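Take the sequence shown: its position 233, counting from 1, is numbered 233 in the UniProt record's numbering, and each next residue is one higher.
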Amino acid sequence: MVIRAQWQDDPVSQYAELGLPLIHAGKVRELYALPEADRMLMVATDNISAFDWVLPSTIPDKGSILTQMSLWWFDQLRDLVPNHVISTDVPAAVDRRGLVVEKLTMIPVECVARGYLTGSGWAEYQQSRTVCGIPLPEGLVDGSRLEEPIFTPATKAELGEHDENVDFETMVGTVGRETGEAIRDLTLRIYRAAEEIARTRGIILADTKFEFGVRPDGTIVLADEVLTPDSSRFWDATTWQPGGRLDSYDKQYVRNWLVQESGWDRASGEAPPQLPASVIAQTRERYLTAYEQLTGMAWD
């Protein structure tokens, strides 16, 4: 099994006051070493990324919202799959945004489940009537619900590089058939359960991605964040119109502003601009709406 590297050459910590060794600084999350060899501290920052860039603006409370939403989902899914959370007892500096989690051997695949056609899947469908090599029927439009959810994995890229959608057999060549089949089946099982939960709360879970790790005994464990506006597409079920309105509660709002209003050229190689205060506020509001509507709890 190929293992995704978790160390960077020169990581920079946003929480140096913790006094803990920084293992890895990703686009949004930072991992810190703890005295216990089998665990680490995972912290969600307020960073936001789009198009493989970490934007120069942050979204207030975003890391806390992602962490609390993930905890809620881990609880909803506890009978389906084990997760990596050990404790929420963390230093005050990262309260509500930090978790003590298991150290796992991470499987180097983004496990994507799609129940609706949109995004890169819609772009491929228009060319070939397939998504990651999976044939789909004629007549679908952007936002169409699929007859059955599909598993469309992506290879994990280094920070700053693009993840690449691949077909199932290509993924199997990386992780092996037994692991590949196990994470495919888990991904679809979790998606079906989560999609039903979200729909009862007025939110359409269009697609999502999961990451899995492996314990020393071979148990596959759900890791990282889960079913948040960063890792999923959430649509308002009351206004959803395939081929028309797809009102979102996720960072698609930021992507749309960058490519439609900001004047930034994705192909230029230049970093994206600062987000205006209004875009920051609207993005935070969308994340909060998703949290409150899904969990039924007001954000404190």
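Don't be surprised by glycine CBs; every beta carbon is placed ideally from N, CA and C.
Given the structure is predicted, the values throughout are model-derived calculations rather than measurements.
From the options, residue whose alpha carbon lies closest to that of residue i
| i | options | result |
| --- | --- | --- |
| residue 236 | 287, 247, 289 | 247 |
| residue 267 | 192, 51, 55 | 51 |
| residue 64 | 167, 95, 153 | 95 |
| residue 154 | 169, 140, 204, 47 | 169 |
| residue 140 | 117, 54, 244, 218 | 117 |
| residue 175 | 148, 214, 254 | 214 |
| residue 212 | 12, 84, 66 | 84 |
| residue 238 | 205, 251, 260, 254 | 205 |
| residue 193 | 137, 149, 251 | 149 |
| residue 232 | 286, 177, 269 | 286 |
| residue 197 | 219, 227, 178, 177 | 227 |
| residue 306 | 59, 89, 70, 199 | Lying outside 1 to 300, the shown extent of the chain, residue 306 is not represented and no answer is given. |
| residue 90 | 151, 31, 61 | 31 |
Proximal residues to residue i (C-beta, below 8 Å), its chain only, five neighbours per side dropped
| i | result |
| --- | --- |
| residue 262 | 272, 273 |
| residue 27 | 47, 49, 54, 159 |
| residue 171 | 109, 153, 155, 180 |
| residue 178 | none |
| residue 219 | 82 |
Residues near residue i by beta carbon distance below 6 Å, same chain, minus five either side
| i | result |
| --- | --- |
| residue 295 | 72 |
| residue 122 | 142 |
| residue 19 | none |
| residue 36 | none |
| residue 288 | 299 |
| residue 275 | 57 |
| residue 195 | 115, 205 |
| residue 13 | 22 |
| residue 297 | none |
Assumed close pair residue i, residue j - CB separation to whole angstroms, cut-off 8 Å
| i | j | result |
| --- | --- | --- |
| residue 207 | residue 290 | About 15 Å separates the two Cβ atoms, so there is no contact after all. |
| residue 146 | residue 115 | 6 Å |
| residue 68 | residue 202 | Going by Cβ atoms, the distance from residue 68 to residue 202 rounds to 19 Å, so no, they are not a contact pair. |
| residue 143 | residue 229 | So it is not a contact: roughly 17 Å between Cβ atoms. |
| residue 29 | residue 102 | In fact, because the Cβ distance is near 15 Å, the residues do not count as touching under 8 Å. |
| residue 234 | residue 217 | Their Cβ separation, rounded to whole angstroms, is 35 Å, which puts residue 234 and residue 217 out of contact at 8 Å. |
Beta-carbon proximity list for residue i, same chain, < 7 Å, skipping 5 on both sides
| i | result |
| --- | --- |
| residue 160 | The predicted position of residue 160 is uncertain, since its pLDDT is 48 and thus under 50; a value taken from the coordinates is nonetheless stated next. Within the same chain, residue 160 has close Cβ partners 52. |
| residue 163 | 110, 154, 155, 156, 157 |
| residue 93 | 15, 17, 18 |
| residue 167 | 132, 133 |
| residue 124 | 130, 131 |
| residue 264 | 258, 272, 273 |
| residue 209 | 110, 111, 112, 231 |
| residue 245 | 239 |
| residue 138 | 129 |
| residue 86 | 39, 100, 101, 102 |
| residue 66 | 44, 225, 228, 230 |
| residue 33 | 20, 21, 23, 40 |
| residue 165 | 120, 132, 152, 154 |
Any non-hydrogen atom of the ligand NAD closer than 7 Å to residue i Cβ
| i | result |
| --- | --- |
| residue 81 | The ligand NAD is not among the ligands present in this structure, which contains no ligands whatsoever. |
Curious, which full-length beta strand (DSSP E) runs of at least 3 residues does the region 224-287 contain?
232-236
Are there three or more Cβ pairs, one per stretch, closer than 8 Å when the region 123-134 is compared with the region 69-88?
no
Taking 8 Å as the threshold, find out whether the region 177-197 comes into contact with the region 280-287 through three or more Cβ pairs.
no
Taking contact to mean at least 3 C-beta pairs separated by less than 8 Å, is the region 213-230 in contact with the region 94-111?
yes
Restricting to runs no shorter than 3 residues, where is the beta strand (DSSP E) found entirely within the region 26-71?
29-33, 39-44, 47-50, 53-58
Would you say the region 35-53 touches the region 84-103, given that touching needs at least three Cβ pairs under 8 Å?
yes
Validate contact between the region 78-94 and the region 189-205 using beta carbons, cut 8 Å, 3 pairs
yes
Please list the segments of the alpha helix (DSSP H) lying wholly inside the region 74-162, counting only runs of 4 or more residues, in order along the chain.
119-128
Which complete alpha helix (DSSP H) runs does the region 185-209 hold, if anything under 4 residues is left out?
none
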